[in-house]
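Undergrad: Mapping to full-length UniProt numbering: the sequence shown position 1 is 1, numbers consecutive. We put the beta carbon where it would ideally sit given N, CA and C, even for glycine. Structure incoming, see below.
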Amino acid sequence: MSLGHNRGGPPLASIESLLSYEAKSTPRSEDNVDMVIGAEFFDTQEGLRLAPPCFGNSNNSNHHYNNMESSGLMNLEEFKTLPVDSQTEDRVTLNVGGIRHEVMWKMLEGIPRSRLGRLALQATTHDLILDLCDAYNLVDNEYFFDRHPRSFNSVLNFYRTGRLHVVDEMCVMAFADDLNYWGIEEVYLEACCQNKFNTRKEHVLDEMKKEAMNIKKEVEEDFGDGKFAKYQRCLWDLIEKPHTSTAAKVISVISIAFVVVSTVGMTLNTIPSIQHRNPQNEPIDNPKLALIEAVCISWFTIEYLLRFAGSPQKWEFVKGAMNVIDVLAILPYYVSLFLMEPDNASSDTRITSATTTTTIAPASSGGGGEGGASFDDVRRIIQVFRIMRIMRIFKLARHSTGLQSIAFTLKNSYKELEKEEPETKFSSIPASFWWAIITMTTVGYGDISPETGLGKIIGTCCAISGVLVMALPIPIIVNNFAEFYNEQIKREKAIKRKEALEAARASEEEVRLAEVEGLVDLLQKEPGPFKSPPLSPSGWNDDPTS
């Protein structure tokens with residue numbers, strides 16, 4: 001009785017020759033079961049009975065192999081390398097995820113470098129077959145692949161027609177993974193699907209890469225094992241993570257309120273009618289608004305120092321973009337105070353500070369020209385730092401994804417923005433707001449308008465050109481804003497998903513630990529006295545009347 005004919009290979013073993021291995025085996029009992037090259041022999045009173053051969057990569061199959069080796073019939077390594085003829089028929093059954101497909105061996109040989117092609121041409125031993133499939137049955141001529149069958153129809157049609165098409169309802173990465181499993185290269189995709197597949201795949205890969213980079217940017221919080229590590233973590237969560245507790249949310253709301261109040265006060269301080277005048281008739285800040293600004297700066301300073309004290313990695317904290325913005329929002333105020341000194345000499349030149357009327361002493365007691373030049377330099381420096389106070393509005397970006405998107409938009413669209421012009425009519429920030437609203441709503445009150453005929457012609461051309469010029473950069477700006485906004489939303493969702501997974505895993509560990517502790521308590525509990533069940537013979541009485 002032969003196991004089959006090997007096409008072009010070494011002669012296959014017959015059952016009679018395999019039984020010669022019994023000389024090395026121990027006597028078999030009725031319960032002893034041995035498997036030989038795809039057959040199980042049961043030693044019964046009727047004699048040897050042959051069971052269907054079935055092999056796979058499961059633990060049950062390994063048990064059979066070990067059983068075979070321990071019985072002494074055949075060494076396991078000899079069995080794995082023994083020639084096997086799988087092509088006893090012209091057709092073969094491919095079981096992919098429970099769905100059976102009956103195809104011709106010859107069709108599979110058409111693509112020799114693919115998984116099924118190698119199964120048809122090169123799989124001549126047990127090991128080689130199991131390298132290409134998960135299980136097989138030589139009697140039924142069936143090979144099992146533990147894969148989702150959704151894409152296999154497209155793969156099978158490629159063997160039949162030589163044309164490979166994309167399965168639209170599948171994830172592009174899942175389809176690419178299936179092609180890789182079946183050993184089919186993506187270059188075989190038809191032209192009608194090639195561009196669509198590559199575009200979708202590149203887009204998904206870019207999104208996955210960005211998400212991985214965003215998650216990677218989240219610094220692992222290692223507070224160490226020091227005495228104050230616990231308090232440092234609590235401080236960090238309180239200041240930096242508003243979602244961790246109610247107190248953290250309150251701190252976040254207070255911080256936002258201080259930023260808004262500070263920004264509004266700074267804006268109002270640019271209105272000439274609100275500003276005050278010093279004895280030299282120079283504009284200075286409104287004292288009440290200056291006091292508000294001092295209080296806000298004090299809060300910003302304390303908040304920054306607390307966040308720095310609670311940060312797990314100081315250098316990474318200092319380099320952070322949002323922390324740099326915090327420093328730039330606070331620094332101008334202190335630099336202005338440093339460059340100024342209190343009013344202590346009537347002959348000194350007065351200028352405006354952030355809180356009070358201050359003076360700048362002349363840099364030189366010599367000629368007035370040198371002193372005036374020094375005064376102009378210092379005044380320009382102070383003016384630059386006072387303008388830098390606008391940076392504090394970006395502190396809101398710590399709490400707002402939209403403002404982060406606006407910052408990214410301005411960064412990428414600065415070439416399309418209008419630059420400063422000399423002798424501008426925009427005397428204050430509210431005046432600029434007024435112009436922007438009137439212009440964007442196409443109301444056009446005409447605070448500044450041409451009067452002559454030629455001026456009106458030029459004004460008309462400018463108006464038409466302005467509409468065209470403004471219409472061109474707007475899509476660029478909007479696209480930059482939308483792109484960065486979507487990326488920020490995805491990043492926040494990825495971080496929340498990561499935190500949810502970590503919380504779920506921690507919860508599962510707690511449940512398992514509780515179950516183990518309950519089991520330990522149950523085992524350690526002292527057993528009580530044994531009570532016989534009611535129907536136990538020990539509970540019967542000799543008295544039948546009882």
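#1: Compare the C-alpha of residue 167 against each of 153, 331, 482 and 475 and name the closest.
#2: What residues match up with residue 101 in a beta bridge as DSSP calls it?
#3: Which residues does DSSP pair with residue 277 in a beta bridge?
#4: Just the Cα atoms here: how many angstroms apart are residue 151 and residue 480?
#5: In angstroms, rounded to a whole number, what distance separates the CA positions of residue 129 and residue 143?
#6: Report the option in 155, 133 and 139 whose CA atom is closest to the CA atom of residue 146.
#7: What number of angstroms, rounded off, separates the C-alpha of residue 262 from the C-alpha of residue 250?
#8: For residue 228, report the span of its alpha helix (DSSP H) as first-last.
#9: So who's on the other strand from residue 144, going by DSSP bridges?
#10: My output table needs one value for residue 52: the three-state DSSP class, helix, strand or coil.
#11: Counting along the chain, where does the alpha helix (DSSP H) carrying residue 509 start and finish?
#12: State the Cα-Cα distance for the pair residue 191 and residue 161, rounded to the nearest angstrom.
#13: Hey, could you find the ends of the alpha helix (DSSP H) residue 316 is sitting in?
#14: Any heavy atom of the ligand MN closer than 7 Å to the CB of residue 249?
#15: Quick check on the DSSP output: the alpha helix (DSSP H) that includes residue 260 runs from which residue to which?
#16: Compare the C-beta of residue 471 against all C-beta atoms of chain B and say whether one is closer than 8 Å.
#17: With three or more beta-carbon pairs closer than 8 Å as the criterion, would you say the region 258 to 273 touches the region 199 to 207?
#18: Express the C-alpha separation of residue 197 and residue 317 in angstroms, rounding to a whole number.
#19: My guess is that residue 303 and residue 255 are in contact by the Cβ rule of under 8 Å, so how many angstroms apart are they, rounded?
#20: From residue 179 to residue 155, what does the alpha carbon distance come to, in whole angstroms?
#21: Do residue 159 and residue 108 come within 8 Å of each other at the CB atom, strictly closer than that value?
#22: Would you list the residues sitting across from residue 189 in a DSSP beta bridge?
#23: Indicate the three-state DSSP secondary structure (helix, strand or coil) for residue 453 in the structure shown.
#24: Do residue 312 and residue 222 have their C-beta atoms closer together than 8 Å?
#25: Which same chain residues, not among the five before or five after residue 116, have their C-beta less than 6 Å away from its C-beta?
#26: Could you give the first and the last residue of the continuous alpha helix (DSSP H) run that contains residue 175?
#27: Less than 8 Å separating the beta-carbons of residue 89 and residue 141?
#28: For residue 288, name the three-state secondary structure that DSSP assigns.
#29: With distance defined between alpha-carbon atoms, name the residue in 119, 285 and 232 nearest to residue 92.
#30: Can you tell me the Cβ-Cβ gap for residue 616 and residue 258, rounded? I've got them flagged as a contact below 8 Å.
#31: Looking at residue 235: is its Cβ nearer than 8 Å to the Cβ of residue 306?
#32: Grouping DSSP H, G and I as helix and E and B as strand, with all else coil, what is residue 113?
TA: Judging by the given coordinates:
#1: Considering only alpha carbons, the answer is 153.
#2: 94
#3: 283
#4: 37 Å
#5: 9 Å
#6: 133
#7: Approximately 18 Å, taken between the alpha carbons.
#8: Counting along the chain, no alpha helix (DSSP H) covers residue 228, and no H or E run does either.
#9: Paired residue(s): 95 and 135.
#10: Confidence at residue 52 is low in this model, with a pLDDT of 42, below 50, so its placement is unreliable and no value can be given for it.
#11: Counting along the chain, the alpha helix (DSSP H) containing residue 509 begins and ends at 473 to 524.
#12: 15 Å
#13: 314 to 319
#14: This structure lacks the ligand MN, and indeed carries no ligand of any kind.
#15: Counting along the chain, the alpha helix (DSSP H) containing residue 260 begins and ends at 246 to 268.
#16: Although the question refers to chain B, the structure presented lacks it and comprises just one protein chain.
#17: No: fewer than three Cβ pairs fall under 8 Å.
#18: 42 Å
#19: 6 Å
#20: 8 Å
#21: yes
#22: 164
#23: DSSP, read as helix, strand or coil, puts residue 453 in helix.
#24: yes
#25: Once the five neighbours on either side are set aside, the close Cβ partners of residue 116 are 108.
#26: 172 to 181
#27: yes
#28: helix
#29: 119
#30: Any property of residue 616 remains undetermined from this structure, which presents the chain solely from 1 to 546.
#31: yes
#32: Three-state result, residue 113: coil.
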